Each structure stands twice: as structure tokens, then as C-alpha cells.
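Protein chains in written order, with the working numbering: chain A, 19 to 385; chain B, 19 to 385; chain C, 19 to 385; chain D, 19 to 385.
Notes for the one structure printed next.
Number of protein chains: 4
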Amino acid sequence: MAAIPSYTPPDFSRPDLAAAPAVRTAPAPADGVLPPGFHATSNHPEYVHRGSGEWLLAGESRMDAVLLLDAGGLRVVEPRLVRQGEPVVMGRSENGEEGIYVHTTGFDPAGTATEGKFAFRARGTRETPFSRSYDELYEILRHDREQGSILWVLGPAVAFDRDSRDAMQWLIENGYCHALLAGNALATHDLEAALFRTGLGQDIYTQALVPGGHYNHLDAINEVRRRGSLARTVAELDIRDGIIPACLRRSVPFVLAGSIRDDGPLPEVITDTVQAQDAMRQQARRTTTVIAVATQLHTIATGNMVPDYRVMEDGTVRPVFFYIVDMSEFGADKLANRGSGQARAILTNAQDFVVNLRHALAGTGKL
Amino acid sequence: MAAIPSYTPPDFSRPDLAAAPAVRTAPAPADGVLPPGFHATSNHPEYVHRGSGEWLLAGESRMDAVLLLDAGGLRVVEPRLVRQGEPVVMGRSENGEEGIYVHTTGFDPAGTATEGKFAFRARGTRETPFSRSYDELYEILRHDREQGSILWVLGPAVAFDRDSRDAMQWLIENGYCHALLAGNALATHDLEAALFRTGLGQDIYTQALVPGGHYNHLDAINEVRRRGSLARTVAELDIRDGIIPACLRRSVPFVLAGSIRDDGPLPEVITDTVQAQDAMRQQARRTTTVIAVATQLHTIATGNMVPDYRVMEDGTVRPVFFYIVDMSEFGADKLANRGSGQARAILTNAQDFVVNLRHALAGTGKL
Amino acid sequence: MAAIPSYTPPDFSRPDLAAAPAVRTAPAPADGVLPPGFHATSNHPEYVHRGSGEWLLAGESRMDAVLLLDAGGLRVVEPRLVRQGEPVVMGRSENGEEGIYVHTTGFDPAGTATEGKFAFRARGTRETPFSRSYDELYEILRHDREQGSILWVLGPAVAFDRDSRDAMQWLIENGYCHALLAGNALATHDLEAALFRTGLGQDIYTQALVPGGHYNHLDAINEVRRRGSLARTVAELDIRDGIIPACLRRSVPFVLAGSIRDDGPLPEVITDTVQAQDAMRQQARRTTTVIAVATQLHTIATGNMVPDYRVMEDGTVRPVFFYIVDMSEFGADKLANRGSGQARAILTNAQDFVVNLRHALAGTGKL
Amino acid sequence: MAAIPSYTPPDFSRPDLAAAPAVRTAPAPADGVLPPGFHATSNHPEYVHRGSGEWLLAGESRMDAVLLLDAGGLRVVEPRLVRQGEPVVMGRSENGEEGIYVHTTGFDPAGTATEGKFAFRARGTRETPFSRSYDELYEILRHDREQGSILWVLGPAVAFDRDSRDAMQWLIENGYCHALLAGNALATHDLEAALFRTGLGQDIYTQALVPGGHYNHLDAINEVRRRGSLARTVAELDIRDGIIPACLRRSVPFVLAGSIRDDGPLPEVITDTVQAQDAMRQQARRTTTVIAVATQLHTIATGNMVPDYRVMEDGTVRPVFFYIVDMSEFGADKLANRGSGQARAILTNAQDFVVNLRHALAGTGKL
């Protein structure tokens with residue numbers, strides 16, 4: 019498929035790589051503590067030389083993790099999860115000098131390494147043409163609906179508008195969402211919309227402030243806390259519309275990560291942020307395309323966890339796409355600046371983006 | 019039609035208005051100079067009391083102009099166009115005390131004056147639900163296509179993307195644009211796209227920077243200057259796609275107003291800003307709906323010229339709608355803060371906005 | 019002192035309040051679950067009528083909490099902390115109809131209730147004049163340094179620049195900071211600056227990217243995790259400069275709240291967000307002035323916890339000031355829109371703000 | 019002086035340059051029309067090879083102009099000012115292939131060509147450390163006050179705040195401004211402040227909206243139009259404070275360029291945009307440091323006119339610095355993206371920037 023470039027592994031017969039030493043490890047001095055000189059992962063494919071020309075590719079990688087290498091193979095682990103004595107890969111060079119090779123050009127079209135990289139890094143602004151980006155995105159989503167795993171990261175804005183909430187529901191119901199990462203606010207306002215047709219007390223269609231509407235999200239939270247879970251609430255009240263209900267009906271896993279600004283929170287919210295990270299990474303390991311919409315916090319958190327490649331079950335390597343939909347260049351650039359080179363920013367309104375996507379994928383106009 | 023509220027004129031039999039004195043005028047002391055104490059217009063319907071209970075409504079009004087009253091009637095004139103000795107309406111009160119009445123509630127639904135005003139002024143942000151705003155806009159455009167006059171104010175971003183440029187062309191060709199206000203850049207990059215498929219040297223579909231592409235807009239300008247006009251260039255080169263060509267084919271008038279950042283400029287550009295204002299106001303007088311997209315300068319300039327009502331040829335009064343499409347709350351609020359109460363901000367990307375509009379009005383999805 | 023308005027309590031002899039019924043309570047049906055119809059607090063002074071004309075003012079209030087009323091008095095408690103059977107104040111009216119009175123005009127200058135409120139709520143933009151806001155802020159800080167409690171809420175940007183980091187240190191050392199709320203990133207980059215003179219690998223003075231600098235914050239975190247705490251690290255390495263070291267030296271309490279984007283985290287970070295909220299509220303209860311700089315998440319979280327008044331130990335009531343320093347109108351407005359009417363936005367760069375404040379309070383220029 | 023790097027001319031004995039052909043010219047086919055294949059200037063030093071190893075450096079260059087070469091030498095001229103038959107330099111290569119050499123590394127420190135360029139182009143955001151940028155700016159301004167020429171480009175925001183307006187006045191009075199480029203709005207609101215203490219009707223110190231204040235700027239404009247000029251108005255009314263009065267007193271030239279959003283305009287405003295460009299370029303030719311504050315239109319217009327070098331009267335070449343002070347990354351990047359590589363963005367509030375600058379240069383704190 020045109021939109022998904024193929025992967026060219028490094029040529030380990032190259033003289034510099036052929037001459038590379040075996041990688042070195044050192045034991046972690048304590049739980050959650052690394053030996054000085056540890057190697058930290060990027061979001062690119064990384065190989066370590068176990069010796070004798072055997073190079074291992076790190077599977078299920080992420081940014082700023084460490085590599086544990088033992089007889090069982092190579093694992094990518096967050097520093098806080100490293101246990102005392104585990105063998106941590108050492109070295110801070112990236113071209114084989116210490117047995118570590120970071121392969122940044124594996125998805126470049128043949129013969130265009132430099133150009134490809136340049137285009138890849140070009141930063142978009144609100145005036146950048148996005149026509150092809152959209153066409154590619156549609157192609158990718160149609161492909162990954164069947165053969166990949168699409169991960170959505172959503173801020174609450176998507177639930178504040180009737181049409182975008184409907185569109186997101188449609189995308190879930192039609193197989194374009196394999197997992198959802200969000201916070202307490204998205205789920206709360208999605209439920210508020212289901213129960214009261216408002217978002218933070220404002221009608222999600224007419225924008226009108228409803229009298230007493232500022233109680234609506236508090237009442238929604240209280241309702242769920244009383245019943246014990248979102249699942250039970252949706253079932254007992256027979257709620258049929260909305261984002262979370264669609265996930266429940268379709269068995270799409272969702273992670274609601276807690277934050278210090280949460281009211282409630284809802285029972286499903288994972289209030290401990292390191293536990294929430296662990297749950298998020300479970301989904302991040304599998305993803306082939308991420309679409310992060312209107313949430314800086316969750317987008318950066320997810321961006322840190324998602325590498326720019328995935329080793330599929332058959333051993334092939336494919337790129338992971340990462341779309342960031344945001345209104346400000348600052349927000350969109352922030353992730354790109356942290357080293358997530360695969361991020362593609364689309365500068366637009368979250369609601370429009372989701373509504374468009376639905377119509378493009380459904381092949382229907384707005385009537 | 020539901021979307022277009024009807025107008026309720028003031029009740030001049032109200033005691034305070036019935037007791038209002040006749041308005042006073044004073045002669046302008048010199049060309050372009052006003053008598054101290056002059057009255058400046060708002061963008062609302064304003065009436066002056068000529069005496070004996072005869073109140074005249076200002077037609078074709080605008081912000082910060084003055085009223086000239088003589089036997090021939092009441093005219094709204096920019097201060098710089100006032101000639102020595104002309105009778106300028108005096109007074110700075112707005113409730114009849116000096117024979118001037120500013121009618122701010124004429125379009126409010128019966129019995130809801132206060133609420134109506136409040137909703138009208140609510141400021142949108144990127145998280146505001148826009149579903150109904152879009153539905154209303156579609157309804158208004160379908161109505162005004164036949165029975166009104168739709169004025170577009172465009173920044174160059176619309177020409178930087180293939181799909182949005184195509185969509186704008188479609189809107190013009192299908193009768194949704196009765197006049198266009200823009201600057202040198204919009205026309206230049208529209209032509210650059212026609213000749214080279216680029217915008218500022220960047221491919222309008224793929225985003226790729228074309229080698230030597232920074233010459234493209236200069237070559238486009240030179241081509242037009244050589245041939246003498248956009249009209250001749252489009253005809254001689256048989257250019258069929260684009261915004262300006264569509265206007266030329268459909269005889270949609272356009273005003274290109276000069277600015278100090280212009281290259282060239284193109285021959286049609288009115289380099290003198292007061293002449294450009296006069297040409298813009300010719301179009302502004304007629305409009306019933308304005309859609310201003312991705313240009314702060316032209317949006318504010320137009321906003322100053324467009325009142326929130328229009329007196330139709332049959333004497334009926336209808337509202338004038340003013341949509342501002344911008345990416346930043348600052349940009350969108352700026353006009354609202356200057357007193358253009360009718361402005362409705364839609365916070366989104368210009369390209370998405372235009373593409374959506376096309377699909378919604380055409381009743382087709384993006385395929 | 020001029021900058022701190024005095025408080026006028028409600029006149030409970032007013033006929034409508036004199037006729038108010040006693041407030042009603044209902045037992046919480048389960049831990050963390052509220053009885054339907056519960057009353058939620060605003061950030062304004064709220065009084066409940068216990069009967070016989072006895073009105074109790076809620077002390078240590080906050081947004082969206084509930085009131086528990088029993089023989090021991092009136093407490094403001096987050097819904098999740100309510101225990102089964104506790105008596106929750108019921109009612110959603112605010113003018114005494116159900117024995118609850120929300121007093122929004124207590125700090126208005128005599129006779130100017132309406133005007134005062136209007137000015138209070140005026141939204142600033144980047145073009146708003148801030149001269150008096152600064153002068154007032156200096157006056158307030160000089161006052162509250164001795165007679166109040168100044169709470170800073172800081173995003174990491176303050177630590178990314180040498181001068182602003184120095185300035186913040188100075189403000190702490192000179193008594194202008196009684197407590198600090200921040201996240202893992204602020205402390206991490208503050209320590210990174212102390213150890214490496216960089217912020218995310220970029221020199222905090224020259225902006226130059228340091229080779230291998232992307233390891234610096236990971237090494238800083240690892241160093242602290244190895245030693246067990248920030249306090250021990252600062253002591254053992256004899257670190258003298260920076261924000262956290264200044265807090266430690268001056269015994270200024272700080273709360274580091276966890277988020278899902280944290281690397282590490284540092285040992286002092288409270289990873290559970292509800293525990294972090296509890297710790298933050300401990301500081302929020304005492305504050306008389308909040309200065310929230312360049313962090314949307316922590317600002318909103320804090321804004322939810324800080325009422326617009328404080329009952330001092332001697333029973334007097336004074337306003338709590340809440341300054342938000344942010345670069346975008348969207349960010350600054352967001353808190354104001356949630357009902358935190360006392361928030362005053364200053365639209366500017368965090369670094370400039372802090373540096374200016376230091377010079378203004380020190381009475382020195384930048385030399 | 020450390021802050022002002024020295025210039026290294028190209029080495030024309032390099033084999034590729036030694037072998038370069040003489041440059042070719044072609045006559046302009048008509049007034050304001052260029053021969054196809056014309057060369058357009060960048061903002062870098064450009065040399066043309068007249069033949070026999072004689073290379074001429076373009077003096078007083080600018081972006082997107084053309085080079086005219088004849089016996090009298092080499093001139094940089096805007097395309098619209100080229101007259102029929104004048105000899106236009108041809109060629110679109112930049113490394114001598116056609117006798118044109120664009121020298122982009124002349125100001126790089128010896129031996130660091132690549133690094134220097136990289137650092138130069140790094141984009142700032144609101145989180146970038148600016149400490150050194152400020153220190154360098156102070157050093158540059160102290161130097162250029164005596165030995166250079168400082169050009170300010172000002173949006174109206176500077177006049178909307180009492181302290182920043184005072185600070186700007188101080189900078190002019192103390193020799194830190196050799197010329198000023200602005201629009202009708204800056205001068206209008208500066209005068210409004212002098213006459214009424216308001217900006218657009220809002221008190222420039224307290225932010226309070228003054229009753230009837232929306233007339234103030236119209237009355238100010240009318241006052242000046244009545245008296246015939248700003249100079250006469252300032253003299254006759256004995257106005258002592260403000261930006262324009264300071265320019266008049268110190269004989270600092272100012273250009274007020276017209277735009278389509280102008281009320282009035284004031285008599286000094288040059289309403290024709292090409293005439294305004296000519297007047298602006300008169301100032302731009304001389305400048306050694308530009309400080310552009312809070313105006314996108316004037317900043318881009320000026321950026322197009324100011325090269326990154328200046329040939330001094332003694333023939334030495336020095337860099338021209340270009341500071342852009344803006345609140346949004348989008349605004350600040352826009353100029354940089356157009357090829358003005360020398361632009362340095364400072365992301366902050368215009369008012370704070372000017373006030374800080376005054377205190378830093380005066381060596382005084384805010385008291």
C-alpha cells in the first residue's frame with residue numbers, strides 16, 4: 019500500500035558496523051536506579067550488537083527508556099521499572115561505536131535519505147497545505163482499520179460539540195478506533211452530553227448556557243460514582259449515544275488517566291499517574307497509528323511512549339504514524355521538539371477535524 | 019426563513035422618544051474636518067429626528083462615519099469625505115436626548131431583548147460547540163445565494179492548499195460569492211498555483227519545496243505586469259482553475275487592496291489605501307452576509323464598513339451576518355471588541371472551513 | 019492598605035434573608051457519593067442559615083465542593099472525601115430561598131456593586147494596559163510578604179532561562195514565596211540547570227544545544243533517585259542555586275504533583291493525583307495571593323481549590339488574589355470561564371514576568 | 019565589540035569562483051516589467067562578477083529586488099521601479115555559475131560555518147531562554163546608539179499602556195531610536211493618550227473604560243486634521259509626552275504608512291502603499307538594528323526591505339540585527355520563514371519588552 023513505506027534494515031556488513039564491539043551492560047544499582055552511563059532509547063529503531071555480528075532490534079520501544087539485555091533477549095523498560103541487578107545496556111553513541119546503532123533512515127524511500135528526512139521534519143503552520151496529509155490519513159486509516167491498530171488520544175473538546183461527538187461515535191462504531199486514551203474530563207463531559215445534552219452546562223448544539231447547567235457534570239459524576247462504574251451506568255440507563263458508550267459496546271479498550279484538575283473522579287479513572295502510564299503503554303505497544311486531538315498533556319505523554327516503528331508479529335517492521343491535531347503551532351511543535359520525529363501536525367479545530375474524517379471515511383457529505 | 023430574524027423598528031410613540039428634540043447639525047469647518055461634538059455612527063440602525071415626529075433611518079451605514087442631514091435626506095459619510103459646509107449631525111447621546119436614537123434590539127426575538135443580546139455577544143473559543151453555527155451558516159448561504167449578497171474577505175492561506183483553492187473556486191462558480199475583497203497576496207498566490215502548482219514555492223498538494231520555487235510568485239507577478247492585467251493573463255494563458263479566474267468568468271467583482279508588504283503589486287491592486295477603502299465600501303454597502311477568512315487586516319477593515327443591518331430595496335430591514343474564521347481567539351475577538359456586535363467567530367483552519375463548506379453546500383462527501 | 023479592599027458581610031436583616039428558611043441537609047448515601055440535589059460551592063463567600071437567624075460562613079472554601087453541616091459547624095469537603103451518612107447541605111439556589119446565600123459583592127467598593135463587578139471580570143488581551151496591574155501586584159506582594167501567604171504555581175519554563183531562574187530564587191530567598199506548587203518537570207529542569215547549566219539539553223543562558231544534552235535531565239533524575247530525595251541531593255552535592263534549593267533552604271513547602279508525562283519521577287513527586295490534590299489544597303487553604311505562571315494544568319487545578327476570600331485567624335475576611343501569567347488568551351481565559359472570577363490575567367512571557375518582578379521588588383534595574 | 023561579528027568576504031581565488039563567467043544582463047522590456055530569467059536578491063550579501071575577476075558587492079540590498087548593472091555600478095532596485103531598457107542582472111544560481119555569488123557565511127565565526135548557521139536558524143518559542151538575547155540586545159543598542167542606526171517598527175499596543183508609552187518616549191529621548199516606522203493607529207492612539215489619557219477609550223493606566231471614550235480617537239484625529247499636521251498640533255497644544263512628540267522634539271524621522279483599516283487618516287500618513295514603501299526603504303537603507311514590536315504587517319514589510327548586512331561609509335561590512343517581539347510563534351516565525359535569516363524572535367508582551375529595555379539601558383529599577 020502506497021501510504022505505508024517499507025522498511026530497509028541497516029547493512030551490518032558496512033565496515034564501521036562490522037567492526038563494532040559487542041554492547042556492554044552494567045547491573046542496576048538499585049530498584050529504579052540506573053548505572054551511570056546508561057543508554058536511553060529514542061523513538062527510532064535501535065539495534066544492539068550482542069557480539070559475533072548478531073544485532074538485536076528493540077521491539078516495543080519508546081522514548082527515554084532503557085534496554086535490558088540478557089540471555090532472554092532485549093527488552094525496553096522504563097527506568098522506574100528496572101529492578102536491582104538487571105543488566106542495563108550502556109553507551110551514549112548511536113553509530114555502533116559502543117555496539118548500539120540507531121537507525122533513522124529505515125523508512126526513507128531508496129536513494130533519498132536526505133530529502134526524505136528533510137521533508138519529514140518540515141514543521142507545519144496554520145498556512146501549510148494539508149490536502150495530501152488528509153488523503154494520506156484516509157488511506158492509512160482504511161488500511162489500519164483492518165491490518166493495524168488505531169489509537170485515539172482525545173481531549174474533552176471533542177465531546178463539547180454535538181456533531182463531533184456523533185462523528186467520534188461513528189468512527190468507533192465503524193472500526194476506526196482500536197483503543198482510546200483520555201482523561202476524566204472527556205468521559206465526564208461525554209456522559210454529561212448523554213444525560214443533559216450539555217458540555218460544562220452549555221448546550222452542545224445551540225451553545226446556550228442552560229440554567230443550573232454548571233451542576234450537570236457534577237451530577238453526571240455523582241451518578242456514575244453511585245452506580246460504581248461507567249459500564250454499569252451506561253447499561254442501567256440504556257445510554258446509546260456518545261464516545262464512551264460506543265467503546266463499551268464495541269469492546270474498545272479505553273484508559274482514563276487521572277490528573278490534578280479532575281473533579282470526581284469517575285471510578286474508571288486511574289488516579290496514580292505511574293499506573294496510568296503503565297496502562298497507557300499497554301495500548302501504545304500495539305498501535306500502528308495514533309491520532310491525538312486537542313490535548314497537550316495526553317499527547318505528549320503518549321508521544322513519549324510510541325516509537326516511530328513497530329515490529330509486527332511476522333517480524334516485519336512498519337512505521338507508526340502519529341498525527342497531532344491542535345490549534346496552536348506551539349502545542350503541535352512541542353512534541354516534535356522532544357524528538358518524536360514521526361509526528362505530523364495538523365493545525366485545525368478538533369471538532370472540524372473529527373467531523374471531516376467521518377464524512378471522508380463514510381463517503382458522505384454533511385446534509 | 020428561520021435563520022434570518024425579522025426587524026422590529028423602534029416605537030417612536032414611546033414618551034421619551036415622542037419628547038425628543040429635533041436633531042441639530044453644524045457645518046463642517048473645512049474639507050475632511052468635523053465640527054466639535056459631531057456624532058459618529060455605530061454599526062447598528064440609527065435614527066435621527068428631523069422634527070415633528072419624523073425619524074429617518076440611516077441607510078448604508080458603517081462604523082465611525084458621520085451623518086449628513088439636509089433636505090435630500092440622511093447620508094452616512096466617512097469623515098475624510100465630508101466637504102466644507104456640509105451639515106453634520108451633532109450629538110453623542112443615543113437614546114433620543116439629542117434627536118438621535120441607536121436601535122440595538124431590532125433583531126431580538128420578541129420579548130427576549132436581554133437574553134438575545136447576551137447570546138449574541140458570547141465569545142467563542144476553540145472549545146465552543148459550532149454545530150449549530152455551521153447549520154445556520156449553510157441555511158443563510160443557501161438563502162442569500164438567491165436573495166442576498168455574499169461577500170468574501172480572503173487571506174492568502176486559502177490559495178496555499180489545493181483542496182481549499184478548489185473549494186473556493188466551486189463556491190464562486192456555484193453562486194455563493196457575490197463579491198470578493200482581498201489583497202495582492204491572495205491573487206498572486208492563486209495565480210502562482212495556476213502557473214506552477216505552488217504557493218510561495220511549496221507544492222500546494224504535497225507540501226514539498228520545489229527547487230527554485232521562491233521565484234514562482236515573482237515570475238507570476240512579472241507575467242501579469244507584462245500582460246497588463248489579471249484578466250488579460252487569465253484569458254491569454256487560458257487559465258481555468260483558481261479563485262480569481264472563477265471571479266473573472268462569473269463576473270464576480272473583486273477588490274484587491276494594497277498593503278506595504280506587497281511585492282509587485284499586480285496591476286489590479288489599488289495601492290492607495292483610501293481609494294481602496296472607497297472601492298471596498300462599494301461592495302460592503304450591498305452585502306447581506308460577510309465571510310472573512312484568515313486575514314486580520316482585511317477583516318477589521320471590512321468590519322468597520324459593514325453595519326449589522328441592511329435596508330433592502332423594498333424598504334425592509336434585515337440583519338447582515340458577519341462570520342470571522344480565524345485560528346486565534348485574539349484575532350477573532352479583536353473585531354468583536356471594536357463594536358461589531360454581529361460578528362460570529364468560528365475558530366478553525368481556513369482550509370478546512372472552505373472545504374467543509376463546499377461539501378456541505380454541495381451535499382457531497384470528500385471522496 | 020489601598021490594594022486590599024475591605025469586606026462587607028451580607029445584611030441578614032434584609033427582608034428576603036430574614037425570611038429565609040433553615041438550610042436542609044441529607045445524609046450521603048455512600049462513601050464518596052452525594053445525595054441528589056446536593057449543593058456545590060462556588061469560589062465566593064457562602065453562608066448557610068442554620069435557623070433562627072444564625073448564618074454560618076464557610077471557611078476554607080473552594081469550587082465544586084460540598085458543605086457538611088453538623089453541630090460542630092460547617093465544613094467544605096471534596097465530594098470524594100464525604101463519608102456515608104455525613105450531613106450534606108442541600109439546595110441549588112443562591113439567594114437564601116433554601117437557606118443558602120452566595121455573597122458575590124462583599125469586596126465591592128461601597129455603592130459601586132455593579133461597576134466593581136464589571137471591572138473585575140474584564141478580560142485582558144495582549145494589548146490591554148497592564149501598568150496598574152503591576153503596580154497593584156507589587157503593593158500586594160509587599161503587603162502579603164509579611165501579612166499574608168503567597169503561593170506560586172510554576173510551569174517548567176521559569177527554570178529554562180538563567181535570569182528567570184535566578185529571579186525566582188531571589189523571590190523565594192526574600193520572603194515573597196510561602197509555598198510552591200509545581201510538577202516533576204519544574205524540579206527536574208531546575209536540578210538539570212544546577213548540575214549541567216542546561217534545560218532539556220539547551221544552555222539556559224546561550225540557548226546552544228549541548229552535545230549529548232538530551233541525557234542531562236535523565237541523569238539528573240537518576241542522580242536524585244539514587245540518593246533518595248531532592249533534599250539529600252541538594253545537601254550532598256552542596257547545590258546553592260535554583261528554585262527547589264532555595265525552597266529547601268528557606269523551608270518553603272513545595273508540592274510536586276505527578277502527571278502522565280513525567281519521566282522518573284523524582285522521589286518527592288506525589289504520583290497519585292487525588293493525594294496530590296489533597297497536598298495542594300493544604301497549601302491552597304492558607305494562601306492570600308496566588309501567582310500562577312506558565313502552566314495550564316496546575317493553574318486550573320489550583321484555581322479550583324482557591325476561593326476568592328479567606329477568613330483570617332482573627333475572623334476578618336479578605337480577598338484572595340489570583341494572577342495568571344500566560345502567553346495565550348485561551349489559556350488565561352480558561353480559568354476565568356470556570357467561575358474563578360477573581361483571576362487576573364497578565365498576558366506575557368513567564369521569564370520576563372519573573373525577572374521584572376524581582377527588579378521591581380528589589381528596587382534595582384537589570385545591570 | 020563582542021556583540022558585532024566581523025565580516026569575512028568570499029575568497030574569490032577559490033577555483034570555482036575564479037572560473038566563474040561574467041554576469042549577464044538583459045534590458046527590461048517595459049517600465050516595471052522584468053526580462054524572464056531575472057535574478058532576485060536575497061537579504062544576504064550578493065556579489066556579481068563584472069568580468070576579469072572583478073566582483074561587485076550589492077550595497078543597500080533587500081529581499082526580492084533586482085540588480086541593475088551598468089558602467090555606474092550595481093544598484094538594488096524594486097521591480098516596479100525598473101525603467102524600460104535598464105540592464106537587469108540575469109541568473110538564478112547562487113554559487114558563481116552565472117557570475118552571481120550569494121555569501122551566506124560572512125558573519126560566521128571562523129571555522130564554525132555550519133554550527134553558526136544552525137544556531138542562527140534555531141526557532142524560539144515562548145519557553146526558549148532569552149537571557150543572553152537580552153544581554154546581547156543591550157550591548158548592541160548601546161553600541162548602535164552612537165555608531166549605528168536603530169530603527170523601531172511599532173504596533174499600536176505600545177501606546178495603549180502608560181508605562182510602555184513612557185518607556186518608548188525615554189528610549190527616543192535618550193538616543194536609542196534613529197527612525198520610526200508605524201501606522202496611523204500608533205500615532206492616533208499616542209495622541210489620544212496625550213489628550214485624553216486613554217487608548218481606544220480605555221484608561222492607559224487603570225484599564226477603566228471611560229464614558230464616551232470611543233469618541234476619543236476620532237476627536238484626536240479630527241483635531242489634527244483641523245490643525246493640518248501632527249507637528250502643528252503638538253506645538254500648538256504644547257504636548258510634551260508621548261512617542262510622536264518625542265520624535266518631533268528630537269528630529270527623529272518617522273514614516274506613517276497607510277492601511278485599509280485606518281480611521282482618518284492623520285495628515286502625515288502616506289496613504290499610497292508604494293509611496294509608503296519608498297519612504298520606509300529610505301530609513302531601511304540606513305539601519306543597523308531593527309526592533310519590530312507587536313505588528314505583523316509592518317514587521318514583514320520592513321523585513322522585506324532590510325538585508326542582513328550593511329556596507330558602511332568606510333566600506334566595511336557589518337551585520338544588521340533584526341529583533342521581532344511578538345506574542346505568537348506563528349507571527350514571529352512568519353518573517354523567518356520568508357528568508358530573513360537574521361531575524362531573532364523574542365516571544366513576549368510588547369509592553370513588558372519596552373519597559374524592561376528602558377530599565378536595563380537606564381540602569382534603573384522600576385520604582
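Each residue gets a CB set at the ideal place from its N, CA and C atoms; glycine is no exception.
In this text, all values refer to a predicted model and were calculated from it rather than measured experimentally.
For residue i, three-class secondary structure by DSSP
| i | result |
| --- | --- |
| Arg183(C) | helix |
| His67(B) | strand |
| Phe214(D) | helix |
| Gly91(C) | strand |
| Gln102(B) | coil |
| Val270(A) | coil |
| Gln225(C) | coil |
| Asn113(C) | strand |
| Thr176(B) | The sequence as given places Val at residue 176(B); Thr does not occur at that position. Three-state result, Val176(B): helix. |
| Glu96(A) | coil |
Segment limits, beta strand (DSSP E) that includes residue i
| i | result |
| --- | --- |
| Val84(B) | 84-88 |
| Leu172(D) | 168-172 |
| Ala310(B) | 307-311 |
| Val287(B) | Neither: Val287(B) is in no beta strand (DSSP E) and is coded neither H nor E. |
| Leu255(C) | Where Leu255(C) is concerned, there is no enclosing beta strand (DSSP E), given that its DSSP letter is neither H nor E. |
Alpha-carbon spacing of residue i relative to residue j, whole angstroms
| i | j | result |
| --- | --- | --- |
| Glu191(B) | Thr26(B) | 36 Å |
| Asp82(D) | Leu218(B) | 13 Å |
| Phe178(B) | Met345(A) | 18 Å |
| Phe340(A) | Asp351(D) | 24 Å |
| Val100(C) | Val51(C) | 7 Å |
| Glu347(A) | Ser269(B) | 38 Å |
| Arg250(D) | Gln293(B) | 26 Å |
| Met186(B) | Gly193(B) | 11 Å |
| Pro229(B) | Asp256(B) | 26 Å |
| Arg299(C) | Leu274(A) | 23 Å |
Per DSSP, cross-strand counterpart(s) of residue i
| i | result |
| --- | --- |
| Arg337(D) | Rather than Arg, the amino acid found at residue 337(D) in this sequence is Pro. Pro337(D) is bridged to Tyr327(D). |
| Met108(A) | Arg42(A), Phe56(A) |
| Arg362(D) | Tyr341(D) |
Beta-carbon contacts of residue i that lie in its chain and below 6 Å, excluding the five residues immediately before and after
| i | result |
| --- | --- |
| Ser247(A) | Pro285 |
| Arg180(D) | Ile222, Tyr223 |
Cβ-based neighbour list, residue i, same chain, cut-off 8 Å, excluding 5 preceding and 5 following
| i | result |
| --- | --- |
| Ile22(D) | Ile158, His161, Arg336, Pro337 |
| Asn374(B) | Tyr152 |
| Met330(D) | Arg336 |
Run of the alpha helix (DSSP H) containing residue i, from where it starts to where it stops
| i | result |
| --- | --- |
| Tyr156(B) | 149-165 |
| Ile22(A) | No alpha helix (DSSP H) contains Ile22(A), which DSSP labels as neither H nor E. |
| Ile239(B) | 234-245 |
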